[in-house]
Each structure stands twice: as C-alpha cells, then as structure tokens.
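Only one structure is covered here, and it is reproduced in the block below.
Here is the structure:
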C-alpha cells in the first residue's frame, strides 16, 4: 500500500483486505465535487486482488455537524431495504462498520454510482450540464425525476419493515412528528437566538395545518435533483442522501422541492424545459396515482425545514469565516423566500 496516504486511509485499506481476504492497494483518494456538509465523503480508487474498484467511504463530519445525530445504522438499513427489488434505484452498500476500532470512527462503504449529478453550488438553474441541455431534454430530466420521486412514495414500506423511520416520541401522526422533530432541531440550531422569519413561518404552519392527511409513505427528505444520478439518456440511476428520510405525506417531498426551486428562482430564470408549477403537479400526480392536497402549505413547511438547516449552516459557515453569522442567519436566500410567502 502506498505510503502517501494518511493513516486513516491506510487503516481502511487494511480493513478491506481483512473483509475480502485479498491484497489491497489504495490508488487514489478524492472528495466528490460539491460535496455537502452532512457527511464526510471520500472516493477511493483501489485494487482488490486483481480487480480495480472505486468505492465511496462515508463518515460523520469532523467539524461542527449539520445534524445533532448521525444514525448511520438506520441509513444503511434503509438503503439495503430499498435494494430488495431496486424499485427505487439506490447505490449498493458494500460494508457497514459500527465500531470505531478499524479506522477510528463509524463508517459505511458504497459502490460508486456512474453518471451525472446536477450541480449544487451554483445550482443547475445557473450553470452546468443541465442548463446546457435542450429544452426537450430538460423536460425529460424533470419528468424522470418526478417519476422516480413518485416511485419512492409508492414503496410498500410496511412490507419492507421500514417502521424504524417512525418518530413516535414526537407524536402519533406524521405532522405532529414533523413539528416535534424540527422544533427540537431549530432550538438546537438557534442556540437561544431565534430567527423571526423562521419562527413566524413555523407558527403559521402550526395554525394552518392540513385537517386531513394521506396515508404515510416513505419520504425521501432532501428531495432535489442534485441528489440524483442520471445516465446519458437522463434516466435516474441512483437516489442519494437519505439522512432526512421519514414517514409522512408524499406532499412533504413535493413541497420541499417547490420551496428550493422558489429560493433559487429569486436569482435566476427557470430553465426553459422545466414545466410550470401546475403542470409539474399534474405530472407528479399522474406518477403517484392520486391528487395532491394542501401543496401551498407543504411548500411553506418545506421552507421552515430549509430555514432550520440554514440557521445551522450559517453557524458553521460563520465559524469558518465564510459569512458573518450574526447577519446571514436572518438574511439569506431561504429567509427571503419565506418572507415572500408570508407577505
């Protein structure tokens, strides 16, 4: 094994050798372009026996965390449950190691997903391969994404024993659980310094909550096309980033998507091949097999969730000296979009 890699990577190579009973040589280590803050992710090219492999190593972040808890065991259990028939395309989990003994911390290892991922920073509305597509191709990508999201929502989660995603300590139904989980998260993120726009939106959501709820489905959580891998034909090859997965109405994912689109479109024109809101809803309903309801409410709630995360992200970026945390946490694209909805 090359002496050029840090001790943790060397230990990882030794661990893989033990799992495979093969000689292992680490060839190259890189970080994915535009990698987020919710995980520490490394792409590792290595030779196992006589076979060249590319694996993805995921660990908790070394700096301030974006989430108060990282439940890798639950993420792995969900991914493996989804792989049963691959109705929803997810990347296979090769290994999961709960013990910190092998490399100093808990980790899991996935295969590498070949394909293209829409850029995140800046988003695909601003630059990159999605923007460069012909309008008809952009529409194909949108519809492929919506169809895949509907497949997530049609998963028979009780049959696959995904009840571990339930959050009963926060309430008996999915919206009570949403309110409880994100209230705890926001209090943790704010650390005693509330953000008025987010608090106002939170209260409004509680006061105007839907009176009727559809049966709970598997909710992806971070429903955006930058968390999908596409092939050259613009079919979805893999759905990534499941750390926010839960059980609840399918509208949670659609509302989240609409809010993130709204946030980006404050600074950019919509891609010419992307459908308007009404058409997008109808297309998604066709894939889902039912009408959606209260989508304006779910978009606002998506904004609350995005705002909660933005508060924590502002603190992290402030600690890194990237932004002025005191100002940015209350004045950023997410809070601007929330204020526009609230009026």
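In my numbering, the protein residues as written are 8 to 350.
Ideal Cβ positions, reconstructed from N, Cα and C, are used throughout, including at glycine.
Which of the three DSSP states, helix, strand or coil, is assigned to residue 66?
-> To locate residue 66, count along the chain shown from 1; it is residue 59. Three-state result, residue 66: strand.
What are the uninterrupted segments assigned as alpha helix (DSSP H) that are 4 or more residues long and contained completely in the segment 122–174, given in chain order?
-> Runs of the alpha helix (DSSP H) lying entirely within the segment 122–174, each at least 4 residues long, are 136–139, 142–160 in chain order.
Exposed or buried, residue 136, counting other C-beta atoms within 10 Å across all chains shown (16 or more means buried)?
-> On the chain shown, position 129 is the one that residue 136 refers to. Exposure of residue 136 is indicated by the presence of fewer than 16 other C-beta atoms within 10 angstroms of its C-beta.
Please go through the same chain and pick out, in chain order, the residues whose beta-carbon is closer than 6 Å to the beta-carbon of residue 209, but skip the five residues on each side of it.
-> The count along the chain shown starts at 1 and reaches residue 209 at position 202. Around residue 209: 311.
Using DSSP with H/G/I as helix, E/B as strand and the rest coil, what is residue 12?
-> Your numbering for residue 12 matches position 5 in the chain shown. DSSP places residue 12 in the coil class of the three-state scheme, outside both helix and strand.
Looking at the C-beta of residue 65, does it have a partner C-beta in chain C at a distance below 8 Å?
-> Protein chains in the displayed structure number just one, and chain C is not present.
Rounded to the nearest angstrom, how far is the Cβ of residue 36 from that of residue 12, given a contact under 8 Å?
-> Your numbering for residue 36 matches position 29 in the chain shown. Your numbering for residue 12 matches position 5 in the chain shown. Going by Cβ atoms, the distance from residue 36 to residue 12 rounds to 6 Å, so yes, they are a contact pair.
Using DSSP bridges, identify the partner residues of residue 181.
-> Taking the chain shown and counting its residues from 1, one reaches residue 181 at position 174. In the DSSP output, where bridge partners are listed per residue, residue 181 has none listed.
When the Cα atoms are used, what is the spatial distance from residue 313 to residue 267?
-> Here residue 313 corresponds to residue number 306 of the chain shown, with the count starting at 1. Here residue 267 corresponds to residue number 260 of the chain shown, with the count starting at 1. Distance between the alpha carbons of residue 313 and residue 267 is about 8 Å.
Can you tell which of 180, 202, 243 has the C-alpha that lies nearest to the C-alpha of residue 217?
-> Residue 217 sits at position 210 when you count from the first residue of the chain shown. Residue 180 holds the alpha-carbon nearest to the alpha-carbon of residue 217 among 180, 202, 243.
Assigned exposure category for residue 10 - 16 Cβ within 10 Å defines buried = As a position in the chain shown, residue 10 is number 3, starting the count at 1. Note that residue 10 scores a pLDDT of 48, beneath 50, so its modelled location is shaky and nothing firm can be said.
By a C-beta neighbour count over all protein chains shown, 10 Å radius and 16 as the cutoff for buried, is residue 204 buried or exposed?
-> For the purposes of this step, residue 204 is taken as residue 197 along the chain shown, with counting starting at 1. Residue 204 comes out buried.
Return yes when the Cβ of residue 244 is within less than 8 Å of the Cβ of residue 96, no when it is not.
-> As a first step, residue 96 is located in the chain shown; it is residue number 89 there, counting from the start. As a first step, residue 244 is located in the chain shown; it is residue number 237 there, counting from the start. Yes, these two residues count as a Cβ contact at 8 Å.
In the DSSP assignment, find the beta strand (DSSP E) that holds residue 87 and state where it starts and stops.
-> If you number the chain shown from 1, residue 87 lands on position 80. Unbroken run through residue 87 is the alpha helix (DSSP H), 79–89; no beta strand (DSSP E).
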